[in-house]
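Protein chains in written order, with my numbering: chain A, 21 to 233; chain B, 21 to 233; chain C, 21 to 233; chain D, 21 to 233. Ideal Cβ positions, reconstructed from N, Cα and C, are used throughout, including at glycine. Have a look at the structure below before the remarks.
Protein chains: 4
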Amino acid sequence: MTRRVMGSGRLEAFSDGVFAIAITLLVLDLVVPSRQEAAEQGLAHALGQEWPAYFAYLVSFLIIGIIWVNHHTVFDKVRLVDRPVLFANLALLLVVSLIPFPTRLLAEYLTAGSDSHVAAAVYSATMLAMGLAYATLWLVLTRDAKLLHEDVDPRASRLALRRFGVGNVFYLATIGLSFVNATATLAVHAALAIYYCFDQLPLVTLARKAPTE
Amino acid sequence: MTRRVMGSGRLEAFSDGVFAIAITLLVLDLVVPSRQEAAEQGLAHALGQEWPAYFAYLVSFLIIGIIWVNHHTVFDKVRLVDRPVLFANLALLLVVSLIPFPTRLLAEYLTAGSDSHVAAAVYSATMLAMGLAYATLWLVLTRDAKLLHEDVDPRASRLALRRFGVGNVFYLATIGLSFVNATATLAVHAALAIYYCFDQLPLVTLARKAPTE
Amino acid sequence: MTRRVMGSGRLEAFSDGVFAIAITLLVLDLVVPSRQEAAEQGLAHALGQEWPAYFAYLVSFLIIGIIWVNHHTVFDKVRLVDRPVLFANLALLLVVSLIPFPTRLLAEYLTAGSDSHVAAAVYSATMLAMGLAYATLWLVLTRDAKLLHEDVDPRASRLALRRFGVGNVFYLATIGLSFVNATATLAVHAALAIYYCFDQLPLVTLARKAPTE
Amino acid sequence: MTRRVMGSGRLEAFSDGVFAIAITLLVLDLVVPSRQEAAEQGLAHALGQEWPAYFAYLVSFLIIGIIWVNHHTVFDKVRLVDRPVLFANLALLLVVSLIPFPTRLLAEYLTAGSDSHVAAAVYSATMLAMGLAYATLWLVLTRDAKLLHEDVDPRASRLALRRFGVGNVFYLATIGLSFVNATATLAVHAALAIYYCFDQLPLVTLARKAPTE
Chain A
21 MTRRVMGSGR LEAFSDGVFA IAITLLVLDL VVPSRQEAAE QGLAHALGQE
71 WPAYFAYLVS FLIIGIIWVN HHTVFDKVRL VDRPVLFANL ALLLVVSLIP
121 FPTRLLAEYL TAGSDSHVAA AVYSATMLAM GLAYATLWLV LTRDAKLLHE
171 DVDPRASRLA LRRFGVGNVF YLATIGLSFV NATATLAVHA ALAIYYCFDQ
221 LPLVTLARKA PTE
Chain B
21 MTRRVMGSGR LEAFSDGVFA IAITLLVLDL VVPSRQEAAE QGLAHALGQE
71 WPAYFAYLVS FLIIGIIWVN HHTVFDKVRL VDRPVLFANL ALLLVVSLIP
121 FPTRLLAEYL TAGSDSHVAA AVYSATMLAM GLAYATLWLV LTRDAKLLHE
171 DVDPRASRLA LRRFGVGNVF YLATIGLSFV NATATLAVHA ALAIYYCFDQ
221 LPLVTLARKA PTE
Chain C
21 MTRRVMGSGR LEAFSDGVFA IAITLLVLDL VVPSRQEAAE QGLAHALGQE
71 WPAYFAYLVS FLIIGIIWVN HHTVFDKVRL VDRPVLFANL ALLLVVSLIP
121 FPTRLLAEYL TAGSDSHVAA AVYSATMLAM GLAYATLWLV LTRDAKLLHE
171 DVDPRASRLA LRRFGVGNVF YLATIGLSFV NATATLAVHA ALAIYYCFDQ
221 LPLVTLARKA PTE
Chain D
21 MTRRVMGSGR LEAFSDGVFA IAITLLVLDL VVPSRQEAAE QGLAHALGQE
71 WPAYFAYLVS FLIIGIIWVN HHTVFDKVRL VDRPVLFANL ALLLVVSLIP
121 FPTRLLAEYL TAGSDSHVAA AVYSATMLAM GLAYATLWLV LTRDAKLLHE
171 DVDPRASRLA LRRFGVGNVF YLATIGLSFV NATATLAVHA ALAIYYCFDQ
221 LPLVTLARKA PTE
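Quick look at the structure:
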């Protein structure tokens with residue numbers, strides 16, 4: 021029986037496209053205040069009142085950006101992809117391309133009393149879905165050593181998976197936090213994203229000699 | 021006389037762009053409930069009422085994703101492209117980039133009585149057009165063995181075309197089903213898409229030794 | 021003095037991105053009829069009344085698609101690019117990315133009496149700008165033989181420029197036609213696009229042995 | 021300890037995507053006049069009244085285009101990227117993808133009395149943020165010679181940084197000018213962009229023998 025495997029070039033190109041579009045579409049939700057709002061309270065004040073939209077924009081941009089950086093880091097270790105990898109990647113892209121929707125929702129309802137809890141919970145659930153999709157992609161990629169480059173260390177790979185699990189527990193906790201305080205929930209998502217930025221051993225990175233050293 | 025043939029790199033890059041944008045634009049049709057709707061019935065309930073939009077989003081995402089996976093699989097077999105291939109591919113991209121429109125239409129009218137039939141028929145007709153464009157692209161690609169890699173088996177290629185035909189008969193049937201029940205029609209499109217995901221011998225794939233075996 | 025020249029890879033990637041987005045954004049102008057319109061006249065009839073939007077969509081899709089095919093054909097002959105090429109290409113992309121605006125305008129005003137003439141003239145002027153940008157790009161590319169592949173024939177290159185000139189005279193004529201009949205103008209743009217599809221010696225293609233012969 | 025470095029291919033592909041989308045999304049803010057406006061004053065006149073939108077569109081297109089050209093020029097000198105480069109690049113992309121928002125804001129308020137000053141200041145502040153992000157990216161790239169190609173001259177690199185500084189002083193000055201005259205501010209941004217087009221020794225370009233000479 022034959023098996024179909026392919027280089028990862030087009031998967032990366034398609035994924036880069038979806039990441040780039042999702043991250044850039046976020047700007048469509050920054051709304052220019054109407055002439056009437058500006059006439060009543062001045063444009064500067066009307067813009068200032070939209071801070072939930074800017075905050076949600078910033079956090080979602082950061083999150084998509086970091087997913088991209090880590091996607092990049094993961095596929096730097098990958099030599100070949102097969103159909104299960106294509107579909108696991110598609111599931112991740114589904115969540116990524118969805119992110120502008122909960123972002124818009126949270127921007128609109130961040131200061132809206134009890135509805136803010138619902139909006140924050142939808143946002144947090146999206147992030148949990150993203151974390152689960154990421155862990156699944158990693159599982160599918162590491163199920164077959166032939167898909168990875170030779171210098172990938174299987175032990176580090178198992179360790180990375182455990183750290184994914186920890187991340188998902190945090191995302192699950194933010195769903196609970198949503199029902200306490202929506203703004204705090206968004207701040208925690210920002211903190212989680214920044215934590216992933218500065219992480220010295222990123223979840224998805226295996227021990228590996230750099231080409232220049 | 022000279023003939024113009026080119027590598028398939030830019031065709032793939034351009035197609036990946038159109039696929040990625042079409043699949044990501046779908047999110048623009050997930051509408052945040054208005055403050056008034058949320059005030060009347062609560063945000064959670066207002067969001068729940070939008071299930072046709074989520075359902076249509078999910079099915080269309082799956083369909084575009086699978087067209088992309090199969091486009092990827094097809095062009096993995098292609099060595100060179102000429103002008104007829106560029107235009108056959110453009111016809112496929114026309115249908116793909118159109119998909120957000122019938123998706124929006126069906127999301128709006130899925131539960132709207134007799135208008136739901138019209139919306140579902142437009143959606144199904146778009147999928148039929150996609151199937152026909154795909155079969156045409158395959159015909160144009162396989163009309164000249166020089167365009168394909170050497171290891172492509174012409175017999176498997178003819179077989180694949182026959183299976184395209186079967187797929188298009190199914191799409192034609194969904195137009196009929198649209199006038200019976202719109203929601204069932206969308207569910208059948210989901211099932212067809214999932215069938216193509218798990219198909220062990222995808223329509224467009226020829227018998228071929230994998231590079232790693 | 022040093023001169024900066026670069027490979028054409030990223031110019032092509034960036035251009036493919038702009039082409040792909042402009043061609044896909046066109047779908048945002050296909051408007052789903054409101055519930056009220058559908059209630060008054062039935063969804064099928066309400067959709068039918070939007071034929072100017074479908075017609076404008078189709079013609080603009082075809083035009084952007086063909087510009088892309090020809091852009092592809094041109095850069096297949098190019099070995100290196102310098103800053104003037106980057107900016108001449110940017111001017112072409114400016115017009116391409118603008119096309120969704122006159123398309124939307126013409127879709128809205130195609131049947132609107134005397135305003136239809138204004139809308140058609142804006143559409144035609146955009147196509148003239150596109151033709152002029154294309155000719156300029158070709159001039160900038162062919163001003164220095166070192167930028168092109170060695171097998172490019174300078175005589176065919178001059179001939180191609182003359183044919184660009186003819187194309188632009190046609191586009192100029194459509195501006196005049198706009199003030200007679202807007203629908204006929206759009207039909208002529210469709211015909212011009214189809215003419216460029218089937219042209220056996222495309223304007224921008226030089227005599228050249230194909231790699232496979 | 022191992023260090024992670026990667027080729028710059030995917031960073032460029034992702035950045036090209038964001039640039040291409042941000043530059044093409046600008047067209048969504050060119051609004052087709054309503055039927056009522058056209059009926060009252062004629063379509064041609066209604067279109068003419070939208071000149072602030074066309075002006076802002078043109079300047080922002082030019083600015084994003086030139087950032088892209090210079091981004092291209094910078095990464096033509098880069099051999100490898102590491103995580104700090106990925107994040108410095110992400111900060112630049114954040115500003116680039118934001119540009120459609122201040123463009124829309126300025127298009128709406130360019131002729132709106134005292135609110136025009138606020139809109140112009142937001143626009144100018146965005147350009148300052150872009151200039152600072154660019155300088156930061158350059159600093160992060162040049163902090164480690166191993167990331168750059170061997171023929172890059174460190175002295176020219178320091179000189180380039182000084183010229184970045186000058187550019188940012190100009191952007192800072194446009195924030196002040198915003199409170200004098202919004203239209204003049206936009207004109208100065210156009211002039212700055214054109215200056216960067218024609219600059220014979222672009223800020224970011226190092227002395228280097230061209231491959232063809």
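Item                                                                                                                                                                                        : Value
Among the residues of its own chain, which have a CB less than 6 Å from the CB of D:S134, if the five just before and after it don't count?                                                 : none
Hey, would you say B:F34 sits closer than 8 Å to C:D164, going by beta carbons?                                                                                                             : no
Residues of chain B with CB closer than 9 Å to the CB of C:F184, please, in chain order.                                                                                                    : Result: empty, since nearest Cβ-Cβ is about 18 Å, beyond 9 Å.
Round the Cβ separation of C:L125 and C:A139 to the nearest angstrom and send it over; I've been treating them as touching at under 8 Å.                                                    : 5 Å
Which residues of chain A have a Cβ atom closer than 7 Å to the Cβ of D:I41, listed in chain order?                                                                                         : A40, I41 and T44
Name the chain B residues that come within less than 8 Å of C:D36, Cβ to Cβ?                                                                                                                : R30, A33, F34 and G37
Check whether the Cβ of A:G85 lies closer than 8 Å to any Cβ atom in chain D.                                                                                                               : yes
Work out the CA separation of B:P122 and B:I41 for me, nearest whole Å.                                                                                                                     : 16 Å
Among B:P104, B:I119 and B:W71, which one has its Cα closest to the Cα of B:I83?                                                                                                            : B:I119
Please list, in chain order, the chain C residues whose beta carbon lies closer than 7 Å to that of B:R124.                                                                                 : V52
Can you tell me whether C:R103 is buried or exposed? The criterion is at least 16 other CB atoms within 10 Å of its CB, across all chains shown.                                            : buried
If you draw a straight line from the alpha carbon of B:A207 to that of B:L192, how long is it in whole angstroms?                                                                           : 15 Å
For A:P120, return the contacting residues in chain B, with the cut-off set at a CB-CB distance below 9 Å.                                                                                  : T44, V47, L48 and L50
Among D:G27, D:R55, D:I86 and D:L100, which one has its Cα closest to the Cα of D:V116?                                                                                                     : D:I86
Identify, in the order they occur along the chain, each residue of the same chain with its Cβ nearer than 6 Å to the Cβ of B:G151, setting aside the five sequence neighbours on each side. : G187, N188 and Y191
Counting only C-beta atoms, is B:E128 closer than 8 Å to chain C at any point?                                                                                                              : yes
Which chain D residues are close to A:F190, counting only those with a beta carbon under 7 Å from its beta carbon?                                                                          : The premise fails here: A:F190 is roughly 21 Å from chain D at the closest Cβ pair, so nothing lies under 7 Å.
Verify whether the separation of the beta carbon atoms of B:L67 and B:P53 is less than 8 Å.                                                                                                 : yes
By a C-beta neighbour count over all protein chains shown, 10 Å radius and 16 as the cutoff for buried, is C:K71 buried or exposed?                                                         : According to the sequence shown, residue 71 of chain C is Trp rather than Lys. Counting Cβ neighbours within 10 Å, C:W71 comes out exposed, since fewer than 16 surround it.
By alpha-carbon positions, which one of C:V172, C:Y216, C:L130 and C:S177 ends up nearest to C:Y265?                                                                                        : In this structure chain C extends from 21 to 233, so residue 265 of chain C is not present and cannot be described.
Taking the alpha-carbon positions, what's the D:F184 to A:A153 distance?                                                                                                                    : 41 Å
For a quick check, are the C-beta atoms of C:M26 and C:V89 less than 8 Å apart?                                                                                                             : no
Please identify, using Cβ separations under 8 Å, the residues of the region 163 to 178 of chain B that lie next to chain A, in order along the chain.                                       : none
Does any CB atom of chain A fall closer than 8 Å to the CB of B:A64?                                                                                                                        : yes
Opposite C:L168 in the DSSP bridges: which residues?                                                                                                                                        : C:V98
Determine, for D:F75, whether the minimum Cβ-Cβ distance to residues of chain C falls below 8 Å.                                                                                            : no
Would B:H209 count as contacting chain A if we go by Cβ distances under 8 Å?                                                                                                                : no
By DSSP, does D:V142 sit in helix, in strand, or in coil?                                                                                                                                   : helix
State yes or no: is the C-beta of D:H137 within less than 8 Å of the C-beta of D:S80?                                                                                                       : no
Could you check what DSSP says for D:A200 in three-state terms: helix, strand or coil?                                                                                                      : Residue 200 of chain D is actually Val in this sequence, not Ala. It is coil, neither helix nor strand.
Could you tell me which chain B residues have their CB closer than 7 Å to the CB of A:A117, listed as they occur along the chain?                                                           : Residue 117 of chain A is actually Ser in this sequence, not Ala. Per Cβ cutoff of 7 Å: I43, T44 and V47.
Can you list, in chain order, the residues of its chain whose CB lies under 6 Å from that of D:S28, leaving out five sequence neighbours each side?                                         : F95, V98 and V101
Are the C-beta atoms of A:A58 and some chain D residue less than 8 Å apart?                                                                                                                 : yes
Roughly how many whole angstroms lie between the Cα atoms of A:A132 and B:T156?                                                                                                             : 53 Å
Taking Cβ-Cβ distances shorter than 7 Å, what residues in chain C pair up with D:W88?                                                                                                       : F34
Give the interface partners of C:A139 over in chain D, defined as CB-CB distance under 7 Å, in chain order.                                                                                 : L63
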